Amino acid sequence: MNMRRTLTLCRIVAALPCLVGTWLASADDTPPGKRADEFFERGRILLDEGRYPEACEAFGESMRMEPGGGTLLNLALCHELEGQFATALREYHEALDRAIADGRQDRIQLARTRSEVVTARVARFTVEIADTTGVTMTMDG
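In this text, residue positions in the sequence shown follow numbering that gives the first Met the number 0: the first is 0, and each later residue adds one.
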């Protein structure tokens, strides 16, 4: 199986729990805000238990139902603990923007602190090309 098919298959498999979770949530009569709170609380419990993949899934579902700055910070922390540093960094930056817009000093400080820690762990590389004539660079495909 080639790399592109493998990546496509991985994306489909990764999306299935989200789709099933959304379908099950829509079949329930519980208001979306309450369901989002339930997913958030489940995420906190799972995070405390060190069950990061499940916690990230719960926080992600909560975010889809009712986006919030606190949920986003928890999702970022979860991804950080899971070792998904680039994802966590993006989420911390988004959480920082929300915290600034909401005037939430506590969240501003937390998002800044965690993003600084994660920035040091994100892999980076620099490409230096002496002669760019006829050079093509392709990323992710």
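Just so you know, even glycine gets a beta-carbon here, dropped at the ideal spot from N, CA and C.
None of the values given here were measured: they were computed from a predicted structure.
Looking only at its chain, what residues have a beta carbon closer than 6 Å to the beta carbon of Ala54, apart from the 5 residues adjacent to it on each side? Walking along the sequence shown from the start, residue 54 turns up at place 55. Answer for Ala54: Gly42, Leu45, Leu46 and Cys77, listed in chain order.
Buried or exposed for Arg123, going by 16 or more other Cβ atoms inside 10 Å? Indexing the sequence shown from 1 puts residue 123 at position 124. So Arg123 counts as exposed.
Please name the residue in Thr131, Ala75 and Gly82 whose C-alpha comes closest to that of Ala94. The residue labelled residue 94 in the question sits at position 95 within the sequence shown. With distances taken between Cα atoms, Ala94 lies closest to Ala75.
Of all the options Glu81, Thr132 and Gln104, which has the alpha carbon lying nearest to the alpha carbon of Glu48? Residue 48 sits at position 49 when you count from the first residue of the sequence shown. Checked all of Glu81, Thr132 and Gln104; the closest Cα to Glu48 is Glu81.
If the criterion is Cβ atoms closer than 8 Å, does the pair Val126 and Met138 meet it? Stepping through the sequence shown from its first residue, residue 126 is reached at position 127. Stepping through the sequence shown from its first residue, residue 138 is reached at position 139. Cβ distance not < 8 Å, so Val126 and Met138 don't count as in contact.
State buried or exposed for Glu40, treating a residue as buried only when at least 16 other CB atoms are found within 10 Å of its CB. Here residue 40 refers to the residue found at position 41 of the sequence shown. Result: exposed.
Give every residue of the same chain whose Cβ lies closer than 8 Å to the Cβ of Glu29, excluding the five residues on either side of it in the sequence, and list them in chain order. For the purposes of this step, residue 29 is identified with residue 30 of the sequence shown, where counting begins at 1. The residue you asked about is not Glu; residue 29 is Thr in the sequence shown. Once the five neighbours on either side are set aside, the close Cβ partners of Thr29 are Glu37.
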